[in-house]
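As structure tokens, the structure follows; a few thoughts come after it.
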Amino acid sequence: MLIEFSLNLIIATVIVIALILYALLAGADFGGGMWDLLAWGPRARQQREAIADAIGPVWEANHVWLILVIVLLFTAYPPAFAAIMTALHIPITIVLIGIVLRGSAFVFRKYDAQDDATHRRWSTVFSIASFLTPLFLGMTLGGLASGAIRVQDGLVTTGFLAGWTSAFAIACGLFAQGLFAFLAAAYMTVETAADPTLQADFRWRALFSGLSLAPAAALVFGLAWREAPLLFAELTDWWAPWLLVATSVAALAALAALWWRQFQLARVAAALQVALILGGWALAQYPALIVPDLTIENSVAPLYTLRLLVITLAAGAIVLLPSLGYLYYIFKRP
Amino acid sequence: MNDFLFARSQMAMSLAFHIIFAALGIGLPLLMALAEGAYLRTKNPVYLDLSKRWAKGTAILFAVGAVSGTVLSFELGLLWPGFMEYAGAIIGMPFSLEGFAFFTEAIFLGIYLYGWDRISPLAHWISGVLVAISGMLSGVFVVTANAWMNAPTGFDIVDGKVVNIDPIAAMLNPASFHEVLHMTLAAYVATGFAVAAVHAWFVLKDPTSHFHRRALGIALLMATISIPLQILSGDHSAKRVAELQPAKFAAMESHYQTEAGAPIILGGIANDDAMRVDYAIKIPYALSFLAYNDPFAEVTGLAEFPRDEWPNSNIVHWAFDIMVGSGMVMLALALWAGWLWWRTRRLPDHQWLLWALVFAGPLGFIAIEAGWVVTEVGRQPWIIYGVMRTAEAVTPIPGLVVPFVTFTLLYLVLSIVLVFLLRRQFLETATPADLETVTAPPSGKGVYPDAD
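Chains as they are written, first to last, in the numbering used here: chain R, 1 to 334; chain E, 1001 to 1452.
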């Protein structure tokens, strides 16, 4: 029993970590797409180019974290995967369309930028898809946490609109957009170190989006009280205030570092802030995958599958981590 | 059409779209690494230009392959939740392994595409080789999962419940070896002939172009080595299917009555009610020989199976004939090219051969699409052969016509744009300006001048 419990917990933890990394890396790539749409001022074109340069080498690798989340979910928790894909069919399909459009438009733009009109056309598709995808991703997560999706004997009983259409879930979507935009702007201040005017553009964007996260978070929190009561109840546990303090410290540190132009520090603090928010969310939702009916305990795969999956993860990490390290060393070292 | 048919159509359409990019994602990195390897060995700048041009093609196609593959991994649950709930714990492992292989491919492709002047030439070439290897491995893992749907092993059913799950036995199921071999070779065949067609056309236009002659040489090498192997692996696959899935095999051949010394039936119109094939060509004893190496062996016909377990014979049979026909034409071309090379010891550039190669360009992909129709439609009505029917696995969500139409339009638009884009990027003759960039002495940071 203990072994099963530990393996289960390891896999669930890896899923949360993969989700956090997806938010920190691919989330920032989506955020970059948003700033592409919002690029204005005399350096709009340079802003877009800097974003494209920053995303180019890494976005495909960043995207794979999502695939890892999905694969782990359906291997380790097949009934939960089936229920999630049924109850949240609509927002997930929209996320997929967004992912296809974002990725294709990005490469099409890079290899088809012969004149300004085509360039702008791909830019528009790329950036609108970058706006929509995080919104529906956030709504999907909000739907899972809302407690409005009910599953009985493996069948979803609440239809195909429950959860993700609530005000709470929509607030989660908006919050995800804000987080990704903030991350992207904070990262871009480091990417544009060679051009102080461009760096200043992204500094203002990071400060603005970072500040706007506070009311957005309050909105999510307030709506959770009414529309996701089970999640909210968990947020009043003993650890919650400590996590809230830690998240606030990271948030303030990020803003302060941006204000005093300590951009390397700002990047780390911003990432930490987002990691703490998602980690706290996962803790509050634990052990539920779909609040309240499906948990990592009642939908887990047999022990032998878990054992092999953990071995696969360990072996995969041996190949993956050095490769990833090499990728970021080549393109993201100061 | 009902929701079930729309779900099947959406899955089929998504797979048919993705498979092209998946196959190119396996084949093109190998070509690009071969070209760069030739550059490192000979220092001939034409090879460097070639690897860069193929890398651009890879970049565009890989991105579309990556996002359309993501769609598929979600669609497994979006469309077939019953299947995933049943099978996730059994066949999740090859998908996890595929996840890591795909991760490695994405990482080193990023390094390859953007790292020309950031790492040493050798490290750059090794990155390309790693892209080729991990791309091939992701295909291998995913195909084992499909093989399991055709030959499910690694679990027991006791009182209607799945027990004794063994993911390793599931991954190494009896269909894995032949499916993996056949699909991997198919990727090299299809990429080799498609790329050869492009460059054959330019050699026809300008027989002196070094760029296109060398490109044609490398692509032809890949095509002519892989197609004979593919025909052998196809023969092996057919024998295995005859053994593992006799109903599929019978549908492939439109073979209704069990008989000894069975003929091969080519083309024709299968009539399930009358259990006969009209307007077909028959080759006596050939089917028995093909399946069992014995012209008098007995071959099981569809009549032995309950009517509701028959795959659609017209579709499966015609798809099979199209696949085999395409393979035979490509084999003939490979033999012709090999014979010309053997006689002259230089690039086979006979005009007729070049024209034939141009027209044979799509054949490898036609064979891949037809082959997957054989595998997947031939598996029906089962989603897990003999265990779960496709209709039992489908999602309860109504209105599936909406995502079907949406994804079809999306993929249609992407295809049109891609053809347009690749025409410009990939079919462009190496302009003098390009070659100048390449031959000019390296300036600045790296050994590789940046062609962008």
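Heads up, the beta-carbon is just placed ideally off N, CA and C, and yes, glycines get one too.
Selected residue, minimal CA-CA separation from residue i, among the options
i          : options                                           : result
Phe1006(E) : His1255(E), Arg1423(E), Ser1176(E) and Ile1397(E) : Ile1397(E)
Ser1288(E) : Ile1168(E), Val1419(E), Ile1281(E) and Glu1298(E) : Glu1298(E)
Val274(R)  : Ser146(R), Thr118(R) and Leu24(R)                 : Leu24(R)
Phe160(R)  : Thr140(R), Pro292(R), Asn298(R) and Ala167(R)     : Thr140(R)
Ile3(R)    : Ala315(R), Leu324(R), Leu306(R) and Leu313(R)     : Leu306(R)
Leu364(R)  : Ala184(R), Ala194(R) and Glu227(R)                : As displayed, chain R neither begins before 1 nor continues past 334, which places residue 364(R) out of reach and without an answer.
Lys332(R)  : Glu191(R), Leu213(R) and Gln199(R)                : Glu191(R)
Asp1(R)    : Ala317(R), Gln264(R), Leu313(R) and Leu303(R)     : Looking at the sequence shown, residue 1(R) is not Asp but Met. It is Leu303(R) whose Cα lies nearest to the Cα of Met1(R).
Ser1138(E) : Glu1098(E), Ala1106(E), Phe1108(E) and Asn1150(E) : Glu1098(E)
Val151(R)  : Gly325(R), Leu294(R) and Ser6(R)                  : Leu294(R)
Glu1253(E) : Ile1264(E), Met1011(E), Leu1410(E) and Thr1153(E) : Ile1264(E)
Val1180(E) : Ala1196(E), Gly1077(E), His1210(E) and Trp1148(E) : Trp1148(E)
Gly1371(E) : Val1419(E), Leu1409(E) and Lys1248(E)             : Lys1248(E)
Thr1408(E) : Val100(R), Ala216(R), Val64(R) and Gly32(R)       : Val100(R)
Phe342(R)  : Phe126(R), Val268(R) and Pro196(R)                : Since the first and last residues shown for chain R are 1 and 334, residue 342(R) lies out of range.
Under the three-state DSSP convention, the category residue i falls into
i          : result
Thr1153(E) : coil
Ala301(R)  : coil
Arg1276(E) : strand
Met1001(E) : coil
Leu324(R)  : helix
Ala148(R)  : coil
Ala50(R)   : helix
Val1394(E) : coil
Lys1161(E) : strand
Asn1314(E) : helix
Asn62(R)   : helix
Lys1043(E) : coil
Ala1367(E) : helix
Leu88(R)   : coil
Met1388(E) : strand
Asn1146(E) : helix
Leu38(R)   : coil
Cutoff 6 Å; reference residue i; Cβ partners in own chain excluding five residues on either side
i          : result
Val1162(E) : Phe1155
Gly1027(E) : Ala1187, Tyr1188 and Thr1191
Cβ neighbour criterion (16 or more within 10 Å) applied to residue i
i          : result
Lys1205(E) : exposed
Trp1339(E) : exposed
Thr158(R)  : exposed
Trp1310(E) : buried
Trp1355(E) : exposed
Lys1056(E) : buried
Phe1021(E) : buried
Leu1079(E) : buried
Ile1283(E) : exposed
Ala317(R)  : exposed
Val156(R)  : buried
Trp40(R)   : exposed
Ala1332(E) : exposed
Gly1399(E) : exposed
Ile1281(E) : exposed
Pro1403(E) : buried
Lys1052(E) : buried
Proximal residues to residue i (C-beta, below 7 Å), its chain only, five neighbours per side dropped
i          : result
Ala1334(E) : Ala1223, Thr1224, Ile1227 and Pro1228
Ile296(R)  : Asn8, Ala12, Tyr77, Pro287 and Leu289
Leu1353(E) : Trp1336, Ala1337 and Leu1340
Met85(R)   : Ile92
Ala50(R)   : Met188, Glu191, Thr192 and Leu198
Asp1151(E) : Note that residue 1151(E) is Ala in the sequence shown, not Asp. Result list for Ala1151(E): Asn1173, Pro1174, Ala1175, Leu1244 and Tyr1385, in chain order.
Proximal residues to residue i (C-beta, below 8 Å), its chain only, five neighbours per side dropped
i          : result
Ala1016(E) : Glu1369 and Trp1372
Trp239(R)  : Leu283
Check: residue i C-beta below 7 Å from any heavy atom of the ligand FAD
i        : result
Ala39(R) : Ligands in the displayed structure: none, and consequently the ligand FAD is not present.
Check your understanding: What residues in the stretch 58–73 of chain R have a beta carbon less than 9 Å from any beta carbon of chain E?
Key -> Val58, Trp59, Glu60, Ala61, Asn62, His63, Val64, Trp65, Leu66, Ile67, Leu68, Ile70, Val71, Leu72 and Leu73
**Study point:** chain E contacts from the stretch 159–192 of chain R (Cβ-Cβ distance under 8 Å)
**Key:** Phe160
**Study point:** Where the stretch 1118–1143 of chain E meets chain R: residues whose CB sits under 7 Å from a CB there
**Key:** Arg1118 and Ile1119
**Study point:** Positions along the stretch 293–304 of chain R whose CB lies within less than 8 Å of some CB in chain E
**Key:** Ala301, Pro302 and Tyr304
Check your understanding: For the stretch 1410–1426 of chain E, which residues have a CB atom closer than 7 Å to at least one CB atom of chain R, in sequence order?
Key -> Leu1410, Leu1414, Val1417, Leu1421 and Gln1425
Exercise for review: For the stretch 1277–1293 of chain E, enumerate the residues whose C-beta is nearer than 8 Å to any C-beta of chain R, in chain order.
Suggested key: none
Review point. In chain order, what residues of the stretch 13–28 of chain R put their CB closer than 8 Å to some CB of chain E?
Key: none
Exercise for review: For the stretch 274–293 of chain R, enumerate the residues whose C-beta is nearer than 8 Å to any C-beta of chain E, in chain order.
Suggested key: none
Review point. Given a limit of 9 Å on CB to CB distance, which residues of the stretch 100–124 of chain R reach chain E?
Key: Val100, Leu101, Arg102, Gly103, Ser104, Phe106, Val107, Phe108, Lys110, Tyr111, Asp112 and Gln114
Review point. Going along the chain, which residues of the stretch 309–320 of chain R sit with their C-beta nearer than 7 Å to a C-beta in chain E?
Key: Leu309, Thr312, Gly316, Val319 and Leu320
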